[in-house]
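What follows is a single structure, written as structure tokens, with notes after it.
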Amino acid sequence: MKTNYLEEKSFTKNLLCTLFGHHYVEVKKVNNHFKEYECTHCKLQVTNDNKGNKIVLTSELKDINKTLSYLHLKRQFLSHFYFSRNK
Ligand SMILES: [Zn+2]
Numbered sequence: 003m004k005t006n007y008l009e010e011k012s013f014t015k016n017l018l019c020t021l022f023g024h025h026y027v028e029v030k031k032v033n034n035h036f037k038e039y040e041c042t043h044c045k046l047q048v049t050n051d052n053k054g055n056k057i058v059l060t061s062e063l064k065d066i067n068k069t070l071s072y073l074h075l076k077r078q079f080l081s082h083f084y085f086s087r088n089k
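So the number in this note's numbering is just where the residue sits in the sequence shown, counting from 1, plus 2.
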């Protein structure tokens, strides 16, 4: 049974994280304050709140981060191309 094998494997991975804690790596920089991380063991995705605490990345938060990321890029774009031109 393939499904059982997969479930068992992900349980072992989660057990590792439960025992030793998640091993997060940065996967995406949203802006200077927010980043997205992923656990290399169980692939759990988290982001940080404005206090620096790691919180589980829900689809709702993903959408917020996407918007923030877009606004960040837009601001960078504007300051680079618009403001530098008017100097
Ligand atoms: Zn983990």
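No residue lacks a Cβ here, since even glycine has one placed at the ideal position from N, Cα and C.
Taking residue i as the reference, which of the options has the closest Cα?
i	options	result
residue 95	78, 75, 39 and 16	One cannot answer for residue 95 here, as it falls past the ends of the chain, which runs 3 to 89.
residue 26	68, 59 and 42	42
residue 45	58, 74, 65 and 62	58
residue 66	19, 20, 36 and 77	36
Would you check if the distance between the CB atom of residue i and the CB atom of residue j is smaller than 9 Å?
i	j	result
residue 47	residue 32	no
residue 34	residue 82	no
On the DSSP letters alone, give me the boundaries of the beta strand (DSSP E) that residue i sits inside.
i	result
residue 26	26-31
residue 50	47-50
residue 72	From DSSP, residue 72 is part of no beta strand (DSSP E) but of the alpha helix (DSSP H) over 61-80.
residue 37	37-41
Distance, Cα to Cα, residue i vs residue j?
i	j	result
residue 20	residue 64	24 Å
residue 3	residue 69	Confidence in residue 3 is poor, its pLDDT being 48 and thus under 50, which makes the residue's placement unreliable; the coordinate value appears in the next sentence. Computed Cα separation, rounded: 41 Å.
residue 49	residue 80	26 Å
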